[in-house]
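Colleague: In the numbering used here, the protein residues as written are -3 to 576.
There's a structure below that I have some questions on.
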């Protein structure tokens, strides 16, 4: 043991620092390879330097700290691509192994999608990716160290891979100059979406050495095996005399690909700054768009200069996944407008964070709300509202939601911190979604199904948060029913729906529907109806819906209060109020 310590201290003094790139195993192997006489020399040198007990104690303390290779390995080999700079700095400041163990445990727990589970699916997936990278991307080095391994570990498997072998004939796209050439082996990895980067991201890996070591490249011309071969792989523009081969190597954008054809439409992806930006972002964690709003959430600062209404609904996706539309509504009179060319514009930045009660973040989203009004509508629009909705899938459980809205023009901020309870909707019980009262219910086109704000399946449902409807406004009702039993003979469900509107003790409207009159999708039935409040005098009402599965005799009830108000005298005011 003393020989081993002496050897390490000896090289520490020679090199100025102790480097441990391969961990204890590598050091043990190196130690075994040293001849016996060398080991003895090292031991003597160590003995010569041990005359000062204080220096020896310092060296041993430093050595003990640096020999904690499991933690060094964890930091530099297991999580280097997913740990943030702040976390790395904090870990390096830990003084004891107990602190490091606690940090590692908290590190994985913060990323655990189900903190109540014994298993951590994020951690398991991370190590699965490392194992996959080592198995498929190694080339003289461990697969996780390669560029392909790095991207795979950080972003997961690509949605599409285009593989090209060495010596293959390659037809260049127009933006790469067109024409045919021979190429080195290369892969194109395409991701439909990368968080914080964008849509349709393609990453190219090239193996110009033929060793199997594919590296990520910014240069689309690097894969051209005939680039330096005279008259080899001539591009279309070069063949037509529009450009010369020498121009490939004089480009200012870092590419050695042939110049594109004159007049050819070149994708923005080929722009040198776009390529550099993508290069940086794919190797970094997704950025937070509104850092100032995240700081407000993190520091629990409450500065309610803006007040807004907030509402959540709950619709079933699966037995362990609930769709939660989160709706925010703010009065336009609270916004600060700036005028330009006769248009009054206000901008809101919104940031929201959903976390478990233990503090683990499960969802964040951020967006910009833009409101523009011409001079003629500004005054009436100030009496209306701006509404925003984001639907997020969550597992049943207790959550905390922190929501911040900032007026960009004034700097005013509104903050909401509240509890969010997501109840399960099991597979074996007749149940229903939230009852939604809306001022707009309409079908959407096939291309917009499930896309955009307020869209639930094939229907746009814009909720009215205050449940106040003018007599000339439509009152929409939206409700989903789940787990209806299907008759074995008719292959149909048997649902009875009783819809009642009452004022006080008096029933003012009553309607009964069957499942055949509703929108059906297997064991799910959707009730959509629009009624005209003008048939009701101004006042407060209660809507009650009772559904009975006649095959199982199970009953579900939902109710909601709403108010009917008189029609506004000023038609312009009425129109602006509906244009939320």
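Just so it is clear, CB atoms sit at the ideal spot from N, CA and C, and this is done for glycine as well.
Label residue 203 either buried or exposed according to how many other C-beta atoms from any shown protein chain fall within 10 Å of its C-beta, with 16 as the threshold for buried.
Modeller: Flag for residue 203 reads buried.
Colleague: Please go through the stretch 185 to 211 and give each complete alpha helix (DSSP H) segment of 4 or more residues, from N-terminal end onward.
Modeller: Correct list: empty.
Colleague: State the beta-bridge partners of residue 555 as determined by DSSP.
Modeller: DSSP, once it has assigned bridges, lists 540 as partnering residue 555.
Colleague: Could you tell me whether the Cβ atoms of residue 384 and residue 449 are closer together than 9 Å?
Modeller: Cβ distance < 9 Å, so residue 384 and residue 449 count as in contact.
Colleague: Span of the beta strand (DSSP E) holding residue 178?
Modeller: Where residue 178 is concerned, the enclosing beta strand (DSSP E) stretches over 176 to 178.
Colleague: Please return the same chain residues whose Cβ sits closer than 6 Å to the Cβ of residue 509, not counting the five positions on each side in sequence.
Modeller: Closer than 6 Å at the Cβ level, and outside the excluded window around residue 509, lie 493.
Colleague: Does the beta-carbon distance from residue 237 to residue 177 come in below 9 Å?
Modeller: No.
Colleague: Which residue wins for smallest C-alpha separation from residue 429, given the options 251, 399, 523?
Modeller: The candidate whose alpha carbon is nearest that of residue 429 is 523.
Colleague: Taking DSSP as the reference, what is the three-state secondary structure of residue 217?
Modeller: It is coil, neither helix nor strand.
Colleague: In the structure shown, what three-state DSSP assignment does residue 331 receive?
Modeller: In the structure shown, residue 331 sits in coil (DSSP, three-state: anything other than H, G, I, E or B).
Colleague: In terms of residues, what are the limits of the beta strand (DSSP E) holding residue 141?
Modeller: Taken as a continuous stretch (DSSP letters only), residue 141 belongs to no beta strand (DSSP E), as it is neither H nor E.
Colleague: Indicate the three-state DSSP secondary structure (helix, strand or coil) for residue 93 in the structure shown.
Modeller: Reduced to three states, the DSSP call for residue 93 is helix.
Colleague: Within 8 Å, do at least three Cβ pairs link the stretch 353 to 360 to the stretch 331 to 339?
Modeller: Too few Cβ pairs lie closer than 8 Å, so no.
Colleague: Buried or exposed for residue 88, please, with buried defined as at least 16 other CB atoms from any protein chain shown within 10 angstroms of its CB.
Modeller: Exposed is the call here.
Colleague: From this set, 69, 152, 432, 148, which residue's C-alpha is nearest residue 638's C-alpha?
Modeller: Because the chain here runs from -3 to 576, residue 638 falls outside it and cannot be looked at.
Colleague: What's the C-alpha gap between residue 19 and residue 69?
Modeller: Model confidence at residue 19 stands at a pLDDT of 40, short of 50, so the residue's coordinates are unreliable and nothing is read from them.
Colleague: What are the residues that DSSP puts in a beta bridge with residue 181?
Modeller: Answer is 203.
Colleague: Mapping DSSP to helix, strand and coil, what is residue 130?
Modeller: DSSP places residue 130 in helix when its eight states are reduced to three.
Colleague: Excluding five sequence neighbours on each side, which residues of the same chain lie with their C-beta closer than 6 Å to the C-beta of residue 40?
Modeller: Unreliable positioning characterises residue 40 in this predicted model, as indicated by a pLDDT of 41, which lies under 50. The coordinate reading is nonetheless provided below. Within the same chain, residue 40 has no close Cβ partners at all.
Colleague: Write down the C-beta distance between residue 252 and residue 217 rounded to the nearest angstrom, noting that I regard them as a contact closer than 8 Å.
Modeller: So it is a contact: roughly 4 Å between Cβ atoms.
Colleague: What three-state label does DSSP hand residue 233 in the structure shown?
Modeller: DSSP places residue 233 in helix when its eight states are reduced to three.
Colleague: Opposite residue 381 in the DSSP bridges: which residues?
Modeller: Per DSSP, 327.
Colleague: To the nearest angstrom, how far is it from the Cα of residue 235 to the Cα of residue 220?
Modeller: Taking the straight line from one Cα to the other gives about 17 Å.
Colleague: Please report the Cβ distance between residue 534 and residue 560, rounded to the nearest whole angstrom; I am assuming they are in contact, meaning their Cβ atoms lie under 8 Å.
Modeller: Their Cβ separation, rounded to whole angstroms, is 5 Å, which keeps residue 534 and residue 560 in contact under 8 Å.
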